[in-house]
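All residue numbers for the sequence shown refer to this note's numbering, where the first residue is 54 and numbers rise by one.
Working notes, beginning with the structure itself.
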Amino acid sequence: MGKKIKQIAIYGKGGIGKSTTTSNLSAALSEMGYKVMQFGCDPKSDSTNTLRGGRYIPTVLDTLREKSSVNPRDVIFDGFNGIYCVEAGGPAPGVGCAGRGIITAVELFKQQRVFEELDLDIVIYDVLGDVVCGGFAMPIREGIADHVFTVSSSDFMSVYASNNLFKGIAKYSRSGGALLGGVIANSMGTPYSREIIDDFAALTKTRIMEYIPRSITVTQSELQGKTTIEAAPTSAQAGVYRSLAGKIAAHTESGTPAPLETTELREWAGKWGDSLLALEQGKITSPGLTI
Ligand code: ADP
Ligand code: MG
C-alpha cells in the first residue's frame with residue numbers, strides 16, 4: 054500500500070485571493086520537500102499562472118475537445134520547484150455546467166491512478182466557491198478532499214460565500230463528505246477586519262488558520278508572473294505563506310461548521326455596521342460594544 058495522499062480544497066468568492074494564496078501555499082509546501090499538485094478548478098483557468106511564469110496551460114476540457122481520448126500526461130505541467138500544475142477548465146461561454154471540468158478531470162485522474170503514480174504527498178484543489186453546486190461541490194460531496202479551507206476577507210460578500218460553503222459542508226458531512234479545516238483570512242489590513250472575521254469564525258464554530266495581510270509585495274510578484282515565495286522569498290509576506298503551509302501540512306482535525314441562516318447573517322452584519330458607525334462617531338471606543 055502506498056502512503057496516504059493529503060487532499061485539500063480551497064474555496065472562496067471569486068477574486069478573493071484563492072489562486073494567489075493557493076499558489077504561494079503550494080510553493081511553500083514544495084520548499085518543505087512535499088510533492089505537490091495544484092489543481093485549478095475555476096473556469097477562469099488561471100490558478101497555476103504564477104507557478105509558471107505567468108503562462109497559461111491548456112485545460113483538461115480544452116484538450117478533451119481536441120482529442121477524444123486524453124493521456125493525463127498531456128494535461129499535467131511542470132511548475133515552480135517541480136509542482137504539478139493542472140487546470141480543469143470551463144465550458145464554452147454560455148454552454149453547459151461550469152463545474153463540468155472538475156468532474157471530468159477528477160474522473161480521468163482517478164481511472165488512471167495518476168496521483169499514486171506520481172507519488173504525490175499533497176493535492177490542492179483551487180475551487181470557485183460562490184455557489185456550491187454541481188461540479189464545484191464535487192470535492193466536498195464525494196469526500197475527495199480530506200480538508201476544506203475557505204479564503205475570506207472581512208467583506209460581507211466574502212463572508213456570505215464562506216457561510217454558503219459551510220452550509221454545503223454541513224449538508225454532506227453526514228454522508229461521508231469533506232470536513233472544514235478553517236478560514237484563511239486574506240487581505241487583512243482595513244480597520245477591524247481581524248475582529249470581524251474572528252467573530253464570524255467563532256459564531257460558525259471554526260478557526261482562523263492564518264491572517265494574510267494585503268501586501269504590495271503580492272502585487273509586484275503577480276506582475277512578474279510569480280508567487281511571492283519565488284519573487285520575494287525573504288519578504289515578510291513570504292514568511293506568512295510559509296507559516297500557513299506549516300499549519301496546513303500539520304493539520305489533521307477538521308470539523309463540521311455551524312453556518313448561520315441568511316437572516317442571522319444579515320443581522321450579524323447589521324450589528325457590525327452599527328458598531329463601526331458608532332466607533333467612527335466616537336460614541337464607543339472598541340468595536341462590538343454597544344452604547
Ligand atoms: P481568486 O483566485 O479568488 O479569483 P486571485 O488569487 O486571482 O483571486 O486574486 C485576485 C487579485 O487579488 C489578484 O490580482 C491578486 O494579486 C490580489 N491579491 C490576492 N491576495 C492579495 C494580498 N494578500 N495582497 C495583495 N493582493 C492580493
Ligand atoms: Mg483564481
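Each residue gets a CB set at the ideal place from its N, CA and C atoms; glycine is no exception.
Scanning its chain for C-beta atoms nearer than 6 Å, with the 5 sequence neighbours on each side dropped, one finds around proline 266 the residues Met241, Gly242, in chain order. If you look at glutamine 165, you'll find it isn't in any beta strand (DSSP E); DSSP assigns it neither H nor E.
Under the three-state reduction of DSSP, tyrosine 225 is assigned to helix. Take glutamine 60, set aside five residues on each side of it, and the residues of its chain with a beta-carbon closer than 7 Å to its own are Val176, Ile197, Ala198, Asp199, in chain order. From the listed residues Ser228, Arg108, Trp321, the smallest Cα separation to leucine 313 is found for Trp321. For alanine 145 and tyrosine 178, the gap between their C-alpha atoms comes out near 22 Å. Here isoleucine 282 is near glutamate 84, since their CB atoms are less than 8 Å apart.
Proline 125 sits away from glutamine 91, with the two beta carbons spaced by 8 Å or more. In the DSSP assignment, glutamine 60 falls within the beta strand (DSSP E) that extends over 59-65. A contact between stretches requires three or more CB pairs, one per stretch, nearer than 8 Å, and the segment 296-305 fails this requirement with the segment 217-224.
With a cutoff of 8 Å on beta-carbon distance, valine 180 and aspartate 95 are scored as near each other. In this structure, methionine 191 lies away from glycine 234, with their beta-carbon atoms at least 8 Å apart. Per DSSP, methionine 85 lies in no beta strand (DSSP E) segment and is marked neither H nor E. By the neighbour-count definition (other C-beta atoms within 10 Å, threshold 16), tyrosine 225 is a buried residue. Just measuring C-alpha positions, the residue of Glu169, Ser79, Ala285, Leu329 sitting nearest isoleucine 269 is Ala285. Aspartate 115 and arginine 227 have their C-alpha atoms roughly 35 Å apart. Residue selection by CB proximity (closer than 6 Å to any heavy atom of the ligand ADP) returns Gly65, Gly67, Gly68, Ile69, Gly70, Lys71, Ser72, Thr73, Asn239, Ser240, Ile265, Arg267, Ser268, Val271, Thr272, Glu275 in chain order. A straight-line Cα-Cα distance of about 17 Å links phenylalanine 209 and threonine 259. Non-local C-beta neighbours of threonine 280 in its own chain, meaning closer than 7 Å and more than five positions away in sequence, comprise Ser76, Asn77, Ala80, Thr103, Leu104, Phe133, Ser274, ordered along the chain. With a beta-carbon spacing of about 5 Å, lysine 71 and valine 204 fall inside the 8 Å limit used to define contacts. Sixteen is the threshold: since fewer than 16 other Cβ atoms of the shown chains lie within 10 Å of the Cβ of arginine 319, the residue is exposed. One thing to note: glycine 106 has its Cβ no nearer than 8 Å to the Cβ of glycine 221.
Of the residues Ala291, Arg247, Ile337, Glu195, the one whose Cα lies closest to the Cα of valine 271 is Ala291.
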